[in-house]
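Numbering (our numbering), first residue to last: 1 to 225.
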């Protein structure tokens, strides 16, 4: 696998070829601009990087992470490829793995969470019994290690709903550390303890199986020393 590093410290490039560029996103950075924030997004930094190679170059974000979630994000280098990836994402993205630190210790050390999610007018996502209007979210988790206070979970998602992991873990009484929005009262890291560690996809052009990985932040592991 070809690896490249940008001269710009802020941009951590995991992989790049003629069609794709895979980035290790830091926490507290938006993937794309909003009405409140237009600059210093991951999109703007990656766009600036590819335009330095050729001013006509463009990039298109394939999927997103929440602002406070760190880890793997894929960009396509043309719009047709972006649409192909997005339209076939569930088929092409074989593994979408995360690591999270949550409050307390789940009774079940391994489980699959299946819930229907809805979004309120205040943009907060919640679990609902309304299967007709809710969107199905499926999340696997496994406890890797724990103390009396915290647990580290390995997570794999089968659907890509907004705030899916955060909402479902909060719903079973184990919100992600630092997630004030979804009922965590603890924030020892000063950030949301959620990181996208592994993404396995079928390359849309070469058809090769590609595995991209990002190390678990050291601050997560130090909570269990």
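We put the CB at the ideal spot given by N, CA and C, even for glycine.
All values reported here derive from a predicted model rather than from experimental measurement.
Comparing alpha-carbon positions, which option in the options lies nearest residue i?
i           : options               : result
residue 218 : 53, 194, 90 and 91    : 194
residue 95  : 132, 207, 122 and 196 : 196
residue 40  : 138, 11 and 152       : 11
residue 136 : 148, 83 and 118       : 118
Can you tell me which of the three DSSP states residue i falls into?
i           : result
residue 79  : helix
residue 16  : strand
residue 123 : coil
residue 96  : strand
residue 10  : coil
residue 201 : strand
residue 186 : coil
residue 113 : strand
Looking at the secondary structure, which residues open and close the beta strand (DSSP E) in which residue i lies?
i           : result
residue 151 : 150 to 157
residue 212 : 209 to 213
Quick one: give me the first and last residue of the alpha helix (DSSP H) that residue i is part of.
i           : result
residue 90  : 89 to 92
residue 169 : 164 to 171
Using the Cα positions of residue i and residue j, report the straight-line distance between them to the nearest angstrom.
i           : j           : result
residue 125 : residue 79  : 29 Å
residue 15  : residue 72  : 10 Å
residue 65  : residue 31  : 7 Å
residue 26  : residue 89  : 23 Å
residue 132 : residue 161 : 16 Å
residue 222 : residue 28  : 20 Å
key: Every unbroken beta strand (DSSP E) inside the stretch 37 to 69 [3 residues or more]   = Counting only runs of 3 or more, we get nothing.
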